Structure formats: structure tokens, C-alpha cells
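Only one structure is covered here, and it is reproduced in the block below.
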Amino acid sequence: MDLHDYLRVLRRNLVLILSCTIIGLSAGLLLASLTPPRYQSSAELYVAAETSQTSSSELNLGRSYAQQAVTSYLTLFSSELVLQPVIDDLGLDTTPAELASRVDASAPPNSVSITVSVTARTPSQAARVTAAVADSFRSAVTETIERGSANRPSPIRIDIVQPAQVPISPVAPKPVLSTVLGALIGLAVGVGAAVLRSVIDTRVHGMRDVERATEAPVLGAVPFSATASAHPLVVTTAPHSPPAEAHRALRTNLQFFSVEGKPIVLTVTSAGPGEGKTTTAVNLAIAVAETGAKVALVDGDLRLPRVADRLGIEGGIGLSDVLAGRLTASQAIQRWGRGTLFVLPSGTRPPNPAELLGSSAMTRLIDDLTSVFDVVIVDAPPLLLVTDAAVLAKTSTGALLAVAAGKTTVPRLASAVESIDKVGAHVLGTVLTMVPTTGADRTAYGAYAKAEA
1 MDLHDYLRVL RRNLVLILSC TIIGLSAGLL LASLTPPRYQ SSAELYVAAE TSQTSSSELN
61 LGRSYAQQAV TSYLTLFSSE LVLQPVIDDL GLDTTPAELA SRVDASAPPN SVSITVSVTA
121 RTPSQAARVT AAVADSFRSA VTETIERGSA NRPSPIRIDI VQPAQVPISP VAPKPVLSTV
181 LGALIGLAVG VGAAVLRSVI DTRVHGMRDV ERATEAPVLG AVPFSATASA HPLVVTTAPH
241 SPPAEAHRAL RTNLQFFSVE GKPIVLTVTS AGPGEGKTTT AVNLAIAVAE TGAKVALVDG
301 DLRLPRVADR LGIEGGIGLS DVLAGRLTAS QAIQRWGRGT LFVLPSGTRP PNPAELLGSS
361 AMTRLIDDLT SVFDVVIVDA PPLLLVTDAA VLAKTSTGAL LAVAAGKTTV PRLASAVESI
421 DKVGAHVLGT VLTMVPTTGA DRTAYGAYAK AEA
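This is the structure we're talking about:
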């Protein structure tokens, strides 16, 4: 995936990403509002070595001793020796271990000062406990740890240079920080879910997906129309609509496959059902006939014929009857309207469609049609359901695959192309159908269709 693909994934999942971001933001704000406030008070202590000497060497030695002592003293702030007297003096309903979790002591490198901080639920309690911890620490060091005997004074002096103050504002929660952090976490979850969804979702959404599944060019993109099922003949019923123009653009692109003016035989098929192959074949035939070219539209789907219904003609006799030798092509073919479009319906439903379509009679029929018509379009069954379409593609110039956006999967499309390649046929190109008119997967026609609406 390149940058364009990632941007398309983000646009396609914009609602998901925004939803996750809003949920994260709301969760952060809710957490901040439900979290009890915490206040922190601090006191600063100064550690010095007691010495009666005034020489610089003695002073430096004493300072060095105090610096070394400070490092070891930091662990005392979480000890029972320091904290139990605090609990007893203040009457706190807690244990030394729990109180230790709310006490923090630190000292800069090579320093003789210690900063002790205590977190509590109220400002006054934070100040009281901090002051008590500082006093208890000083007593523990000077009266217990550094005092070897009752007659020997402590070599260490501890002064409280910055007494504990009652804090004004809480240190936690921080609504702004919690909200921003929640939004960022939600955004990250949303983006991750979008990427995971794109990896799991193998459906074809746009032209780039089609190009990844097959090397055949995308010859057209027909925008989705809510009225297509009721009015499928868009080239006739809505000649200036974007779907109609899309079929004319497809017609133009297919003209390049006509070599030296020879008739082109086009098999229109799809990977699976419901992808718009019949609608594409019918509208393409009408669009080609608009140019004055003689077009033969053959309903090669002998299992589930739809062409006659789309065009509103009788389909009781047709291709199967011609292939079985009961009729000639000239007897079964019907002219549609007053133009140059002629239709050969599917005819009587046979018990052996694949055998009929792969017979020499079908080859002769195609030869006969190309001797009369400029373009022959065959509507074939889906490729992955039966072998009929691959058989028909072998007798034609090539196949045109209708690919429904948001329905066909990339693996199924690749399998459809492979089934045509196996019989030695050629895929001329693909046409993307039902393209969204909004969102990240819309095409130029899709956007134009939305603007027209």
C-alpha cells in the first residue's frame, strides 16, 4: 500500500475514526470528572555534616560526607521507621506501605538538599502529612541512624529550609490533559481499526483494487443509480445522465480494440451474480448502436436469461434453438426499436448449456454474425458459477468483466480472470459498476452524478 491507499483508507473510515476519537475524548473527560482531586505539598530539607573545623579541607570533607549520606537517606522516606510515627502522631487510618505510595523523595545529583512531597485528598492534609514526614525523617536520622550511642551527638544535621505549604490547586486530575490524551488514544485506536479493517476487507472499492487483481485496464466506471433496477436502460430513459455517459465512455474505449476495422466480438461477464453484467451489456449495445454501427446483442446466459426482460421483448425462442438446429439465426434474431440494434434472446432453456455454447454451431453462429454486424456483444453467465462464460470468451475477441464496487472481492476477481486465461481467452478490460457517488471510493463520474442529483 502506498500513501494514496492509506489516505483512501482513512477517508473511507472517517466516521469510524471520528467516532473512536470522540469516544476517547469523552472517556478522558469522564475519567477526569469522576477522579477525586489529589493535592500535593512539598518540603525541602538541607543535610549538613556537623564539624567544628573551619579549614577548607575539613569543610569539603564534611560536604562530601553529606552528599553521600543524602543518596542513602532517600530510601528512608518509604520505610516504617519514618512513616509509622507519622501515622501515630496524626492518627491516620492507613498503613506505612499505603502511605509510602503517596510519598516521593528526590535529590539532585551531588546535592545536599532533599525534596519530599506527599499527595493527599485535601490541601490541608497534604501539608500536614508532608510536615510530619519531614520531621519524622529528621528525627530518624539524627536520633537513631546517625547516633551511635546516647553520649555521641549525630554527625549529621538536617534543617528544613522550605516548610510544607498548603497547595492551592490539585495536581490531579488534569481535565485538559486527560481529554487530550483520551482523544489521542481514541484516534490511534480508530486509525488502527481502519487499517485492520482494510486488511480484512478484500472487497473491490475502486479502480486501484481492480488493477491489483488483474493486469487488464479499467475501461469504464458506472456510478450507482438507485433507479437502475426499475429503469435499467439508462442510455435510453436518461440519455444525459452520468450512468448513460459512462456507458458511452466505455463504448469509446472499446473502439480501440477493433483491429483494421474488423468486427469485434465482446463477451460481457462477471465473477459472480448481481454485478451488473446484463445491464452493462444492454446499455453498451444501445450506446454502440447510437453511432450507427450494426450491433448484435446475444443473450448467452442460457441458465438465467435477462436480456429479453431488460429490453421488453419476447425471449421464448433464440440462441438455444439456433444452436440446436431448430431455427436459423435470421429467424430468431429480433430488431430492437428503429435503430441498428438486433437482439438474439436466449430461447428455450436447454439441459446442456455448456455443451451448446462450446459447440461448433456456436462458432459458426459467431462467424455468421460478424459477417453481418460491426459489433457482437454476448451477455454471458458469471465466471465462477459455471464454465459457460469462459467457453464464450474463447470464441470472442475478448471478455469485458463487470466488477461491482463494494461487492466483488479481489481474490474472486483474480480467480475470474484466471478462469479466462486457462482456456486461452483474453480479458480486454473491466468496467467498475455501482460506483459510489460519495465517499472515498467515488470516481469522477460518481462525483458528477452526485452533483447532477
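When you line the sequence shown up against UniProt numbering, it's residues 1 to 453, in that order.
Each residue gets a CB set at the ideal place from its N, CA and C atoms; glycine is no exception.
All values reported here derive from a predicted model rather than from experimental measurement.
Spatial neighbours of residue i within its chain, please: C-beta separation below 6 angstroms, excluding the five flanking residues on both sides.
i, result
"ALA48", "ALA66 and ARG157"
"SER136", "VAL82, PRO85 and VAL86"
"VAL235", "ALA244, HIS247, ASN283, ILE286 and ALA287"
"PRO123", "TYR39, VAL166 and PRO167"
"ALA213", "VAL410, LEU413 and ALA414"
"GLN363", "Going by the sequence as given, residue 363 is Thr instead of Gln. Within the same chain, THR363 has close Cβ partners THR395."
"ALA449", "With a pLDDT of 45 at ALA449, under the threshold of 50, the modelled position of this residue cannot be trusted; read the value that follows with caution. Only PRO223, PRO242 and THR437 meet the Cβ criterion."
"ALA32", "PRO173, PRO175 and SER178"
Looking only at its chain, what residues have a beta carbon closer than 8 angstroms to the beta carbon of residue i, apart from the 5 residues adjacent to it on each side?
i, result
"PRO153", "GLU50 and ARG147"
"PRO37", "ARG121, PRO170, ALA172 and PRO173"
"ASP321", "LEU327, ALA332, GLY347 and THR348"
"LEU30", "none"
"VAL417", "ALA213, THR214, ALA216, LEU401 and VAL427"
When the Cα of residue i is compared with those of the options, which residue comes out closest?
i, options, result
"THR395", "TYR73, LEU369, ALA404 and SER415", "LEU369"
"LEU365", "PRO353, ARG208, ALA380 and THR328", "THR328"
"ARG412", "ARG11, VAL210, ILE23 and SER124", "VAL210"
"ALA221", "GLU215, THR291, MET207 and THR202", "MET207"
"ARG338", "ARG306, ALA324 and ILE286", "ILE286"
"THR408", "LYS294, HIS205 and GLU314", "HIS205"
"PHE373", "LEU357, LEU297 and ILE87", "LEU297"
"PRO167", "ASP89, GLU290, THR71 and SER42", "SER42"
"GLY274", "LEU83, VAL176 and LEU383", "LEU383"
"ALA405", "PHE224, GLU245, LEU219 and ALA308", "PHE224"
"GLU355", "ASP388, VAL343 and LEU341", "ASP388"
"THR202", "VAL9, GLY261 and PRO436", "VAL9"
"TYR73", "THR269, GLN165 and SER113", "SER113"
"residue 520", "SER270, VAL343, GLY276 and ARG310", "Outside the displayed range of the chain (1 to 453) lies residue 520, so it cannot be described from this structure."
"THR437", "PRO242, THR252 and SER360", "PRO242"
"ALA183", "SER415, ILE17 and PRO155", "ILE17"
"THR278", "ALA380, ARG197, GLY312 and PRO353", "ALA380"
"GLY300", "VAL378, THR252 and THR71", "VAL378"
"ALA324", "LEU311, ARG306, PRO163 and SER359", "SER359"
Quick check: the Cα distance between residue i and residue j, rounded to an integer number of angstroms?
i, j, result
"ARG335", "ARG326", "20 angstroms"
"SER101", "VAL118", "9 angstroms"
"TYR6", "ALA228", "32 angstroms"
"ALA230", "THR237", "11 angstroms"
"VAL103", "VAL133", "9 angstroms"
"HIS240", "VAL288", "15 angstroms"
"PRO345", "GLY318", "5 angstroms"
"residue 455", "LEU392", "Because the chain spans 1 through 453 in this model, residue 455 falls outside it and cannot be assessed."
"LEU90", "VAL129", "8 angstroms"
"SER258", "THR348", "32 angstroms"
"ALA451", "LEU250", "Residue placement at ALA451 cannot be trusted, given a pLDDT of 46 that sits under 50; what the coordinates show is reported in the next sentence. Cα to Cα, ALA451 sits roughly 21 angstroms from LEU250."
"ALA120", "ALA126", "5 angstroms"
"GLY24", "SER106", "34 angstroms"
"ASP309", "GLY315", "8 angstroms"
"VAL427", "VAL180", "53 angstroms"
"GLU290", "GLN255", "14 angstroms"
"VAL423", "LEU357", "14 angstroms"
"SER19", "ALA194", "12 angstroms"
"PRO109", "ALA97", "27 angstroms"
"ARG303", "ALA399", "19 angstroms"
"ALA361", "PRO353", "13 angstroms"
"ILE200", "SER419", "24 angstroms"
"VAL189", "LEU3", "20 angstroms"
What residue range does the alpha helix (DSSP H) around residue i cover?
i, result
"GLY192", "175 to 200"
"PRO243", "242 to 254"
"GLY316", "It is not in any alpha helix (DSSP H) - GLY316 carries neither H nor E in the DSSP assignment."
"PRO381", "Per DSSP, PRO381 belongs to no alpha helix (DSSP H) and is neither H nor E."
"LEU284", "277 to 289"
"VAL141", "Per DSSP, VAL141 belongs to no alpha helix (DSSP H) and is neither H nor E."
Have a look at the DSSP bridge pairing and note the partners of residue i.
i, result
"TYR46", "SER113 and ASP159"
"TYR39", "ALA120"
"VAL103", "VAL118"
"GLN334", "VAL343"
"VAL268", "ASP379 and LEU400"
"GLY24", "According to DSSP, GLY24 bridges with nothing at all."
"ALA172", "ARG38"
"ALA221", "LEU432"
"THR409", "ARG203"
Spatial neighbours of residue i within its chain, please: CB distance less than 7 angstroms, with the 5 preceding and 5 following residues excluded, ordered by chain position.
i, result
"ALA140", "LEU76, LEU81 and VAL82"
"ALA444", "Confidence at ALA444 is low in this model, with a pLDDT of 47, below 50, so the placement of that residue is unreliable and no value is reported for it."
"PRO263", "THR370, PHE373, ASP374, VAL375 and VAL376"
"ARG197", "ASN13"
"ALA27", "GLY182"
"GLY292", "THR340"
Hey, quick one: how far does the beta strand (DSSP E) through residue i stretch, first residue to last?
i, result
"ASP299", "295 to 299"
"THR433", "427 to 435"
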